[in-house]
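Protein chains in written order, with the working numbering: chain U, 51 to 1008; chain V, 11 to 86. Inspection log for the structure reproduced underneath, given as structure tokens.
Structural data, given as structure tokens:
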């Protein structure tokens, strides 16, 4: 593995320079103390490991040594001068002295120069108590500044307050370059540079612009790296230094970054990415680090509410009354319409424990399998496709694995926007020389990675993924690039023979599919060769693969590529789905799907079902329940009458909004548990306040199957963690649930789920995180899967016929719309829209290629009506060459945009994952909002009024 | 305005058949379709498929129709 969990490291300490991964040890002596360290370790780090702290300013352990401040100078026996300990590698037999009179004088002289050009306002400085310059002045014993403060200086340098989250106070800068290096080495954006020479040297953003106007992505790595108050969180400037910290897990994307919530009492002062987090190693993005203000936003629902009909005002009630009302309604509906007339949706934003409880509630108290989850609309094809081929519904690698990849194939993913911390890691590997292939209709930012080596873009047409993946496989097979040994030893002979015959057919040749994909055969052949010939080829994919009518086929085609080239079962390779939400993997693992119990155990499996029946004390239905789209159909036809929705906004996130709205209106009882009055809640009869990740205990499982602790840092705003609400609803329905802490729920999960058998909160405390499967065979989890065998024995090649979507451009709808995310906003935007992230993206825009714009007389900023066979909406135009002609693009973060009013009911053949990525549309200039948007605004105003009348203060619901 | 529940199910099962069309002859494709429906469809959805078959199943792809018949035979 690339990163071992090292329990001896204190992740709250700064060891000065990064760890060496060498397995060879060298022994040296520092101040008379003998210590053995991996070869390549700096003297500074070696000293720190021996608890000897050498003063430092420009060094920090997540950046390569730089050697500019010289304050870390040491004396080494037999060597001339006083070398910087940060840039000097430890060598066998070395004898190092870190403290003597000569060194002390040198360090004081250096500090004296720094301080002569630094404001001496320590008592009122926001960094007071957390300033490395202050610490070093103390450490070196600085007592006077002989130069005075009247000479030329930078003390009047202006502040840049353009970024909503941090301030750049140039007067406090010591030009150590830590921010510049963090921006390049850690984040990979290269937005910061040192401008000028000598005394004129200064840190600048972009082309000497404001931070906000530069290409800065506001990841905050510079703020974290700054040793002074030069780059400082505005929250710290306002609130002062935190007094305690709690390590927890981010609730945004599937990377699952670990953070230290720096607290003052029950107030979050700042979120600092935790160095001990195995998914992020101390890095984060603008969302995780800064966009947490929604947790205490005034729009939060603070009390339970009920109403008899959705055209009535809400009535604020006690928890007991709301739960009783919901339970009574559910019972009445089941009595009248049958056991299967109700169901529920678990949330990929909630914890494993909460998700487990909701599906358990449905299978026990509701007595049916009508449970589904928002993974239905994002990665359900991953679950299906990888289970069919590799035998397990999960990605095969760690994130760190990418650092061993030689060729990275990214299909239908935009990691720098949607999975930014992984995007930064990938960029680091690309800078080191790995080659990049991007198969995507858009020219994504990854292709603009600074210092990128070999790269190619396959700008395929939306909907042609399967044809592309098959063409790549065809080249691999016909050009003899397969890994015969791997196939013979690890793959099923019969399935391989059938697949080989299928893929050899000339109809899959790149030349034959050029018309379908729009990509030249030559480029496809080059890409196939690059991937197959690389010592380690890794595939990363996202929703651009899954959200198609052939999403499952593409996932299986991707697995075929990895199997054919032997790129499975070691570091640097694999099949890596980049999961959308923080706990998509976990919600699938926890049995949220209607056909599977926790751990992907099918409901028709009598032995598995029997274990759950024995533990839960009920009989479980052996037939699958309804998926979300089937729930909607059944609701409209009157057979499905009530739903319990925890933490998902189906009215905004699911396709064909008008269809969803009709389904929701058809329900006799909709119970919504959420932190805000979201779009779905506007159709609800019971609104139960949800709790954010800061208000509860539990676990999330990220895209690398890593189970990480979520820890409560403040009390739930409405008094209950989400799991407690589910427990009370279950009890009110007559099925007793008794848990006093989520750890007890995890114990139950472990007892019933083979892949979680070894997981417990105690073990998570001990190891930091665990990657499932974690059981008797893998007591501390399994970072890389399928190393020696597959869960199904031999891997199964799958036949991947390309069946074009029925959603095709035609004369009426000549353009193809595809949708995606932007860095600053997150999915339906419920969280990020209630933060200052709005400064980057306060409305969804339709990107149109100049050719299509010119044909229609469209200019930047025009209002455009976008019409599909499902509906119409209106967005503002941006002319962009990121897409090819004929393709338009938008995000879906703002409910009033109605992006999903135009997406259709088309879905993946195997899983019903919606085809968000392909909608045939026409675009024309208009002068007013669409009919749907007008009625959306009317309903929004009405529902906000109903909420105000309930006594809850609601603002921001314009 | 929207597809009926049964229309949607017919579209779904036909789509399953088309996407597995290269699995072999019609019977082999039907086996895959039947297996998929058995594994993933709810009791009521299966019932509606049988209703469609009882009504002649003319909108069903031949392999989907055969799959439905195989499933019906298993149930009865």
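Think of the CB as a built atom: it goes at the ideal place given N, C-alpha and C, for glycine as much as any other residue.
Which residue comes first and which comes last in the beta strand (DSSP E) that contains residue 588 (chain U)? 587-591
Within the region 810-894 of chain U, ranges of the beta strand (DSSP E) (whole runs, at least 3 residues): 819-821 and 865-870
Requested in this report: Excluding the 5 residues preceding and the 5 following residue 91 (chain U) in the sequence, name in chain order all residues of the same chain whose CB lies nearer than 6 Å to its CB.
Outcome: 70 and 140
Provide the residue span of the beta strand (DSSP E) that contains residue 457 (chain U), from first to last. 457-461
Give me the Cβ distance between residue 278 (chain U) and residue 183 (chain U), rounded to the nearest whole Å; I'm assuming they're in contact under 8 Å.
-> 5 Å
Would residue 49 (chain V) pass as an interface residue toward chain C - the criterion being a Cβ-Cβ separation below 8 Å? Among the protein chains in the structure shown, which are U and V, there is no chain C.
* Of all Cβ atoms in chain V, is any one closer than 8 Å to the Cβ of residue 676 (chain U)? -> yes
Requested in this report: With a cut-off of 8 Å on the beta carbons, I'd call residue 480 (chain U) and residue 503 (chain U) a contact; round off their distance for me.
Outcome: 7 Å
Span separating the alpha-carbon of residue 373 (chain U) from that of residue 381 (chain U): 12 Å
Exercise. May I have the straight-line CA-CA distance separating residue 885 (chain U) from residue 746 (chain U), to the nearest angstrom?
Key: 21 Å
Next item on the list: On a CA-only basis, which of U:668, U:848 and U:672 is nearest residue 652 (chain U)? Give me that one, please.
Entry: U:672
| query | Is it right to say residue 614 (chain U) is buried, meaning 16 or more other beta carbons lie within 10 angstroms of its own, or is it exposed? | reply | buried
Query raised in the report: Which residue from U:377, U:402 and U:276 puts its Cα closest to that of residue 719 (chain U)?
Result: U:377
Q.
Rounding to the nearest angstrom, what Cα-Cα distance links residue 740 (chain U) and residue 457 (chain U) in this structure?
A. 43 Å
Ranges of the alpha helix (DSSP H) found wholly within the region 575-648 of chain U, counting only runs of at least 4
593-596, 601-614 and 634-639
For residue 46 (chain V), would you say it is in contact with chain U, using Cβ-to-Cβ distances shorter than 8 Å as the test? yes
Any beta strand (DSSP E) of 3 or more consecutive residues that is wholly inside the region 448-523 of chain U: 457-461, 485-489 and 505-508
Practice problem: Give a yes or no on contact between the region 618-636 of chain U and the region 976-996 of chain U, applying the rule of three or more CB pairs nearer than 8 Å. | Solution: no
Does any CB atom of chain U fall closer than 8 Å to the CB of residue 26 (chain V)? yes
How far does the beta strand (DSSP E) with residue 915 (chain U) in it extend, from its first residue to its last? 913-917
For the beta strand (DSSP E) containing residue 759 (chain U), name the first residue and the last one. 756-760
Chain U contact residues for residue 53 (chain V), given Cβ-Cβ distances below 7 Å:
673
Quick one: measure Cβ to Cβ for residue 434 (chain U) and residue 475 (chain U), integer angstroms, because I've assumed they're closer than 8 Å. No, residue 434 (chain U) and residue 475 (chain U) are not in contact; Cβ-Cβ is about 28 Å, not under 8 Å.
For the region 50-80 of chain V, which residues have a CB atom closer than 9 Å to at least one CB atom of chain U, in sequence order?
50, 51, 52, 53, 54, 55 and 56
Margin query: Looking only at its chain, what residues have a beta carbon closer than 7 Å to the beta carbon of residue 556 (chain U), apart from the 5 residues adjacent to it on each side?
Written below: 562
Within 9 Å of chain V by C-beta, residues of the region 898-916 of chain U in sequence order:
none
Fill in: C-alpha distance - residue 736 (chain U) paired with residue 704 (chain U), whole-angstrom precision
21 Å
Option nearest residue 757 (chain U) by Cα separation, candidates U:666, U:327 and U:357 = U:327
Whole angstroms are fine: how far does the CA of residue 221 (chain U) sit from the CA of residue 889 (chain U)?
26 Å
Quiz item: Does the region 388-397 of chain U touch the region 687-706 of chain U, meaning 3 or more C-beta pairs lie closer than 8 Å?
Solution: yes
Looking only at its chain, what residues have a beta carbon closer than 7 Å to the beta carbon of residue 241 (chain U), apart from the 5 residues adjacent to it on each side?
233, 255, 256, 264, 265 and 266
Cα-Cα, which of U:701, U:749 and U:819 is closest to residue 944 (chain U)? U:701
- Out of U:192, U:616, U:229 and U:72, which has the shortest C-alpha to C-alpha gap to residue 838 (chain U)? U:616
Point to revise | Segments assigned alpha helix (DSSP H), at least 4 residues, entirely inside the region 732-785 of chain U | key: 772-783
Exercise for the section: Tell me whether residue 962 (chain U) is buried or exposed, calling it buried when 16 or more other Cβ atoms sit within 10 Å of its Cβ. Expected result: buried
_Coil, strand or helix - residue 424 (chain U) by DSSP_ = helix
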